[in-house]
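*Asks:* Here it is: the structure, laid out below.
The structure is reproduced here in structure tokens:
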């Protein structure tokens, strides 16, 4: 019976454990958790803070009982402090301050990511928060219950910043978003950026762009944001949502190699450079299916996939991570925005000759009630017509998410833009058109090339 | 300037005309229409009759102006009566009874389908209707306005029968559905059949199965359905929705070959056996992308694709119809059901060794409001694991349609069931799970095989 130890009980760690037990039910699988929240959907925290989710316990993907029923041993509040590849042991500290040492045959590091902490002053003031783990969520929730803040300032305009602008507005707070650059949610491409601005403005969110924060200060009962533009910005609470970086401190001194942004280097079997030590999830570099290069792209979907591969291989399997396409979707108020594959500039950098078009179409036949417009951007290669990437923006309920998945499936299979018209897609007037908007956009792309 | 004549102005005919003008703007393109309704979305008629669509004019995919602006000549109420391949002419009859003869260089037959007319007595009684073309829709609408029927009997349980059960119930009629077999909507596979039954029953529709109609009779002010089970069935109106057959009478005496159910035989360039004569849409046999055989499967999506290919080739192009996967979706009340690829029995007939599983999953994370269950059936080949087919049932709004399209895209690309887990699909808690239900179902399929 081989001993598999996993450090971390979030998406990657739990996926690895469950897959390992599935492939080899005899494996002895232990997870060391720094906290008491195994397998929580931390992506759900904004919806808990908005009030849409009333009980945080429902955020668990699985209950402790469900995990343990699969034969996985969960060690709560056991913070791993040291890995020794020579003696094949992990040392951890439990909640009582006691130290333990666990032998492993195979080890999976799934320590996730932590919030990036900017270096300006005031970051530790009461009322200033980060949002990554369950504890962060509880802190914000407690503060809102106890202090009844009426206004919030959000630093950063990535997914968490945008979802929290929605969440806190829903909660009744007056929200200001500060963006360092001239664009919100840069990862979705600039052409659709104005749609996010409009959606936020429509819901009363104030947006300040091109601003660098120099410090956060306490002024009376408020928090003031000192900034490069000398704009007076005050609020009752501040959320710092300026990104995430891999949590890899456990690897220090072990000889485990790190790369991009300090993430652990792994191959597609999720092996580190050290024999019998695997890593998966937000703490590792991610193989991009399309560019065939590594990147740092911490996403829950990827963590699940990588964890599954690591877990299978740690018990003798031969799985391979197929790679990410950078597929992402976000819901901000009533707007859903999604992307897959490469943006035009990324495609250029990857050596393609990208051509992009923007196409607008109704999500279903307009004669049937409730039709809403979809905005679709397609990027393809001028010479080969290979589909390189797509973005879609539309209303919640307009099947934006699964339409981007259709593009993702097409890109995964290296389809050309032209061949999208060959797909036999489903149609009924309340749900689409005889040519799905995805196909209409692909035909517009071909027309734009002059064919 | 070559003369292209198209017989029929519904989906296939208009698609052909527009594509021909797109590829060769100099082409002289004429469409002979038997009626005055070019490019109408006849799939939308049930929604007009339900009252959800208030103005039938909105059913037009395009206006006459939009079509003519592309340089296409529309000849209204010109019913083609004869094609002469020797002299390359089409003869037609206009609304005034005048005969015309038009020369063509290339001809496209896009005459569509007509309702199957059962042979029992009473089929022509007032109050007995079919539903295929705009005129049929107008007749039903007029009857409802003038006679205020309170009850309706629907013969047949295909798409039109099911959509009309929904439509007439919405309209306030008491509806009875008579099915010849023991199952409703047989095309969707038997495993999910009970969901349709439940949805109809929940909305007060009466269902009688395993019944053969022997005649329709007028009894007082009602219509009575005499039947094999001697069940008393009466109603104020009757809709006969027992299927469609290809309308190919124009081919009689021309030497144009027909095949399955009398549909015109075409190759994948949409050419008939007669030089310079093409055919497309509900009047032709359809190439199945998967089985590599011809079938008869009249669908609007296919008509659009075939029309586009015929139009392109008629002006010198070299397009090929990629084939149908039999992808279909229907909305009945709040239930959406969809399929793509092969059902288990079809897969067996096609020489595969099919294994199917049924899997239930929530459309998105249950902690976010509004999650509804999806029922997914996957069929794959036991030996090669090739994905052969899928069916999904779920609520309207649960992205059933685009999830079936994801399967359709996977089948088109000959993916295995296993590889669905490699797809990088989009995730946010209001719209999916870290593994999309489609992927969870594929993992359940693999587990069922004992891997």
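Protein chains in written order, with this note's numbering: chain A, 3 to 453; chain B, 3 to 453. All residues carry an ideal CB built from backbone N, CA and C; glycine is no exception.
1) For chain B, is any of its Cβ atoms less than 8 Å away from the one on residue 401 of chain A?
2) Since residue 302 of chain B meets chain A, which of its residues come closer than 8 Å, beta carbon to beta carbon?
3) Let me check understanding here. Comparing Cα to Cα, which of A/403, A/28 and A/95 lies closest to residue 338 of chain A?
4) Can you list, in chain order, the residues of its chain whose CB lies under 7 Å from that of residue 184 of chain B, leaving out five sequence neighbours each side?
5) Select from B/128, B/83 and B/113 the residue whose C-alpha is nearest the C-alpha of residue 100 of chain B.
6) Note down, one range per segment and in chain order, each alpha helix (DSSP H) of at least 4 residues found wholly within the stretch 42-90 of chain B.
7) Run through the DSSP bridge pairs and tell me what residue 361 of chain B is partnered with.
8) Using a Cβ cut-off of 9 Å, which residues of the stretch 326-352 of chain B contact any Cβ in chain A, in chain order?
9) Cβ closer than 7 Å: which chain B residues qualify as neighbours of residue 406 of chain A?
10) Is residue 92 of chain A close to chain B? Criterion is C-beta to C-beta, closer than 8 Å.
11) Does residue 169 of chain A come within less than 8 Å of chain B when only Cβ atoms are used?
12) What number of angstroms, rounded off, separates the C-alpha of residue 261 of chain B from the C-alpha of residue 196 of chain A?
13) Establish whether the CB of residue 61 of chain B and some CB of chain A are separated by less than 8 Å.
14) Can you pull the chain E residues whose beta carbon is under 9 Å from the beta carbon of residue 217 of chain B, in chain order?
15) Roughly how many whole angstroms lie between the Cα atoms of residue 17 of chain A and residue 273 of chain A?
16) Anyone know if the C-beta pair for residue 39 of chain A and residue 201 of chain A falls short of 8 Å?
17) Quick check on residue 150 of chain A - is its C-beta less than 8 Å from some C-beta in chain B?
18) Between which two residues does the beta strand (DSSP E) carrying residue 392 of chain B extend?
19) Decide if residue 206 of chain A is buried, meaning its Cβ has at least 16 other Cβ atoms within 10 Å, or exposed.
20) Taking only beta-carbon atoms, is residue 294 of chain B less than 8 Å away from chain A?
21) Measuring only between beta-carbons, confirm whether residue 319 of chain A sits less than 8 Å from chain B.
22) Taking its Cβ as the centre, do 16 or more other Cβ atoms sit within 10 Å of residue 347 of chain A, making it buried, or is it exposed?
23) If you measure from the beta carbon of residue 52 of chain A to each beta carbon in chain B, is any gap under 8 Å?
24) Taking the alpha carbon of residue 33 of chain B as the reference point, which residue from B/20, B/155, B/208 and B/26 has its own alpha carbon closest?
25) Would residue 392 of chain A and residue 380 of chain A qualify as a contact pair, given that the criterion is a beta-carbon distance under 8 Å?
26) Pull up the DSSP beta-bridge partners for residue 286 of chain A, would you.
27) Please list the terminal residues of the continuous beta strand (DSSP E) segment that includes residue 170 of chain A.
28) Note the first and the last residue of the continuous beta strand (DSSP E) segment covering residue 298 of chain B.
29) May I have the straight-line CA-CA distance separating residue 144 of chain B from residue 158 of chain A, to the nearest angstrom?
30) What residues in the stretch 407-423 of chain A have a beta carbon less than 8 Å from any beta carbon of chain B?
31) Count the other C-beta atoms from every protein chain shown that fall within 10 angstroms of the C-beta of residue 221 of chain A, then say buried if there are 16 or more, exposed otherwise.
32) Using the three-state DSSP reduction, which class does residue 105 of chain B fall into: helix, strand or coil?
33) Could you give the distance in angstroms between the alpha-carbon of residue 349 of chain A and the alpha-carbon of residue 247 of chain A?
34) Please name the residue in A/269, A/107 and A/35 whose C-alpha comes closest to that of residue 535 of chain A.
35) Taking C-alpha atoms, which residue in B/146, B/341 and B/72 lies nearest to residue 52 of chain B?
36) DSSP three-state call for residue 6 of chain B: helix, strand or coil?
*Replies:* With the given structure in hand:
1) Counting from one through the first chain, the residue named residue 401 of chain A turns up at place 399. Residue 401 of chain A counts as touching chain B.
2) For this step, residue 302 of chain B is matched to residue 300 along the second chain. Residues of chain A passing the Cβ test: 429 and 436.
3) Here the question's residue 338 of chain A lines up with position 336 in the first chain. The option with the nearest alpha carbon to residue 338 of chain A is A/403.
4) Numbered from 1 along the second chain, position 182 holds the residue referred to as residue 184 of chain B. The answer, listed in chain order, is 211 and 212.
5) Stepping through the second chain from its first residue, residue 100 of chain B is reached at position 98. Looking at the Cα atoms, B/83 is the closest of the given residues.
6) 47-51 and 66-71
7) Looking up residue 361 of chain B in the second chain gives position 359. BP columns for residue 361 of chain B point to B/378.
8) 326, 327, 328, 329, 330, 331, 332, 333, 338, 340, 341 and 342
9) In the first chain, counting from the first residue as 1, residue 406 of chain A sits at position 404. Chain B residues near residue 406 of chain A: 428.
10) For this step, residue 92 of chain A is matched to residue 90 along the first chain. False, the Cβ-Cβ gap to chain B never drops below 8 Å.
11) Position 167 of the first chain holds residue 169 of chain A. Closer than 8 Å: no.
12) The residue given as residue 261 of chain B occupies position 259 in the second chain. The residue given as residue 196 of chain A occupies position 194 in the first chain. Going by the C-alpha atoms only, they are around 55 Å apart.
13) Sequence index remark: in the second chain, residue 61 of chain B carries index 59 (1-based). Judged by the 8 Å Cβ criterion, residue 61 of chain B is in contact with chain A.
14) Chain labels in this structure do not include chain E; the protein chains are A and B.
15) If you number the first chain from 1, residue 17 of chain A lands on position 15. If you number the first chain from 1, residue 273 of chain A lands on position 271. Those two C-alpha atoms are separated by around 16 Å.
16) As a first step, residue 39 of chain A must be located in the first chain, where it is residue number 37. As a first step, residue 201 of chain A must be located in the first chain, where it is residue number 199. Taking 8 Å as the Cβ cut-off, residue 39 of chain A and residue 201 of chain A do not qualify as a contacting pair.
17) By 1-based counting over the first chain, the position of residue 150 of chain A is 148. Answer no: the Cβ-Cβ gap between residue 150 of chain A and chain B never drops below 8 Å.
18) Walking along the second chain from the start, residue 392 of chain B turns up at place 390. 389-397 is the extent of the beta strand (DSSP E) around residue 392 of chain B.
19) Here the question's residue 206 of chain A lines up with position 204 in the first chain. When all chains shown are included, residue 206 of chain A counts as exposed.
20) Here residue 294 of chain B corresponds to residue number 292 of the second chain, with the count starting at 1. Residue 294 of chain B does not count as touching chain A.
21) Against the first chain, residue 319 of chain A aligns to sequence position 317. It does not; no Cβ of chain B falls within 8 Å.
22) One-based indexing of the first chain puts residue 347 of chain A at position 345. Flag for residue 347 of chain A reads exposed.
23) Your numbering for residue 52 of chain A matches position 50 in the first chain. No, residue 52 of chain A does not count as interfacial toward chain B.
24) To locate residue 33 of chain B, count along the second chain from 1; it is residue 31. Checked all of B/20, B/155, B/208 and B/26; the closest Cα to residue 33 of chain B is B/20.
25) Locating residue 392 of chain A in the first chain gives position 390, counting from the first residue. Locating residue 380 of chain A in the first chain gives position 378, counting from the first residue. The answer is yes: Cβ separation under 8 Å.
26) Position 284 of the first chain, counted from the start, is the residue given in the question as residue 286 of chain A. According to DSSP, residue 286 of chain A bridges with A/266.
27) Counting from one through the first chain, the residue named residue 170 of chain A turns up at place 168. Unbroken run through residue 170 of chain A is the alpha helix (DSSP H), 161-172; no beta strand (DSSP E).
28) Position 296 of the second chain, counted from the first residue, corresponds to residue 298 of chain B. Element bounds for residue 298 of chain B: n/a, residue is neither H nor E.
29) Counting from 1 along the second chain, the entry for residue 144 of chain B is found at position 142. Counting from 1 along the first chain, the entry for residue 158 of chain A is found at position 156. Roughly 60 Å between the two C-alpha positions.
30) 407, 408, 410, 411, 412, 414, 415, 417, 421 and 423
31) Numbered from 1 along the first chain, position 219 holds the residue referred to as residue 221 of chain A. By the 10 Å Cβ count, residue 221 of chain A comes out exposed.
32) Position 103 of the second chain holds residue 105 of chain B. The answer is strand: DSSP assigns residue 105 of chain B an E or B state.
33) Indexing the first chain from 1 puts residue 349 of chain A at position 347. Indexing the first chain from 1 puts residue 247 of chain A at position 245. If you take the alpha carbons of residue 349 of chain A and residue 247 of chain A, they lie about 25 Å apart.
34) Chain A is shown from 3 up to 453; residue 535 of chain A falls before or after that span and cannot be answered.
35) For this step, residue 52 of chain B is matched to residue 50 along the second chain. Per the Cα distances, B/146.
36) Locating residue 6 of chain B in the second chain gives position 4, counting from the first residue. Correct three-state label for residue 6 of chain B: strand.
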